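First comes the structure, then the notes that go with it.
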Amino acid sequence: MALPVSAEIYKYMDREGNVYLTDRPMKRSQGFDLLWRSGNDPFYSSNYSRINLKALDLNKARYSDMIEKVARRSNLNPELLHAVVRAESAYDPNALSKKGARGLMQLMPDTADRYGVGNSWDPEQNLDGGARYLRDLLDMFDQDLKLAIAAYNAGENAVRKYGNKIPPYPETRQYVRKVVTFYRAGS
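According to our numbering, the sequence shown holds residues 93 to 279 in order.
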């Protein structure tokens, strides 16, 4: 009779954006951010511990053509838009953050209003508003990808406040690394 076995799997990202899978915990003090942990220990929970990878793949396939179309319309690389969607919502059109960001691109209500998004829950409207915002941020920061991504997360005023540099917020720094990693990997 075979007995069930299990092992915890940890997924980390280092400061350079390299991703590691391991069966042992790594220390944040060594420069590693936990992205995901198998199992359900609430101590290690993060947004990524709750992602259903099968649903992520299905939703990515479901919205891929729409993302490609919106990216072309906004003069963006489709892989960049995929990377932001993956980081923001894991392709979940019903994602709602604690701060009130909604949908695939996690638009805040003020940003949705600014870009004429009438229904943030509508995937195409959400993608369109988020893509136009990202395009504007790239233009605003002279096509500097990392600054545009940081501004998408923390707001353009935060990037300006810190002299057109990535703000020193841990969440924003991790977000930039994550999006760049997803982008380089073809999301």
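The beta carbon of each residue, even a glycine, is placed where N, CA and C say it ideally should be.
Every value quoted in this text rests on a predicted model; they were computed, and no experiment measured them.
Item, Value
"Reduced DSSP category for R194 - H, G, I as helix; E, B as strand; rest coil", "strand"
"Endpoints, the alpha helix (DSSP H) within which I258 is located", "Note, I258: premise wrong, no alpha helix (DSSP H); not H, not E."
"Status (buried if at least 16 other CB within 10 Å, exposed otherwise) for N151", "buried"
"Inside the segment 207-245 only - alpha helix (DSSP H) runs reaching at least 4 residues", "215-232"
"Test item: CB-CB of N218 and L188 under 8 Å", "no"
"N167 vs R227 beta-carbon contact at 8 Å", "yes"
"Length of the line joining the Cα atoms of R265 and P259", "7 Å"
"C-beta contact flag for S181 and G192 at 8 Å", "no"
"For L188, three-class secondary structure by DSSP", "strand"
"Collapsed DSSP secondary structure at L168 in the structure displayed", "coil"
"CA nearest to the CA of K238, picked from V268, M158 and L173", "V268"
"Where the alpha helix (DSSP H) through R252 begins and ends", "E248 to K253"
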